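Taking it in order: structure first as structure tokens, then the write-up.
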Amino acid sequence: MSLELHTANVWSVDFSADSKFLVSAGDDQRVIVWNLQRLAKINYFEYGCNWIHDYLKTNPLLTKSDRQVCDIGK
Numbered sequence: 073m074s075l076e077l078h079t080a081n082v083w084s085v086d087f088s089a090d091s092k093f094l095v096s097a098g099d100d101q102r103v104i105v106w107n108l109q110r111l112a113k114i115n116y117f118e119y120g121c122n123w124i125h126d127y128l129k130t131n132p133l134l135t136k137s138d139r140q141v142c143d144i145g146k
């Protein structure tokens with residue numbers, strides 16, 4: 073299963089109450105339900121940081137400490 077199924081910006085993500093699923097929705101008019109147990113082999117912190125890398129570098133509203141949030145694991 074790939075986490076790269078959206079074809080446009082993702083604007084909303086939320087976990088299920090039991091934390092077994094993640095739901096994402098975006099500009100591509102798609103709502104995707106991710107089965108996190110099937111994706112358990114993924115390093116979520118690393119994946120998330122790779123996903124928001126450009127955002128952290130380019131968003132003018134972020135503080136210096138905000139930009140370094142992914143440096144914790146390095």
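Residue numbers for the sequence shown follow the working numbering, beginning at 73 and rising by one. Where is the CB? At the ideal position from N, CA and C, for every residue including glycine. All values reported here derive from a predicted model rather than from experimental measurement.
How would you write the range of the beta strand (DSSP E) that residue i sits in, first residue to last?
i	result
Asp-86	82-87
What's the gap between the Cα of residue i and the Cα of residue j?
i	j	result
Phe-117	His-78	19 angstroms
Asp-99	Val-82	6 angstroms
Leu-134	Leu-128	7 angstroms
Val-103	Ala-97	4 angstroms
Cys-121	Glu-76	14 angstroms
Pro-132	Cys-142	17 angstroms
Lys-136	Thr-130	11 angstroms
Asp-126	Asp-138	13 angstroms
Ala-89	Val-105	13 angstroms
Under the three-state reduction of DSSP, which class applies to residue i: helix, strand or coil?
i	result
Ser-96	strand
Ile-104	strand
Starting from residue i, follow the alpha helix (DSSP H) in both directions and report where the run begins and ends.
i	result
Asn-131	Looking at the DSSP string, Asn-131 is not in any alpha helix (DSSP H), and its letter there is neither H nor E.
(request) Assess, as a yes-or-no matter, whether the region 101-116 is touched by the region 77-93 under the definition of 3 or more beta carbon pairs within less than 8 angstroms. (result) yes
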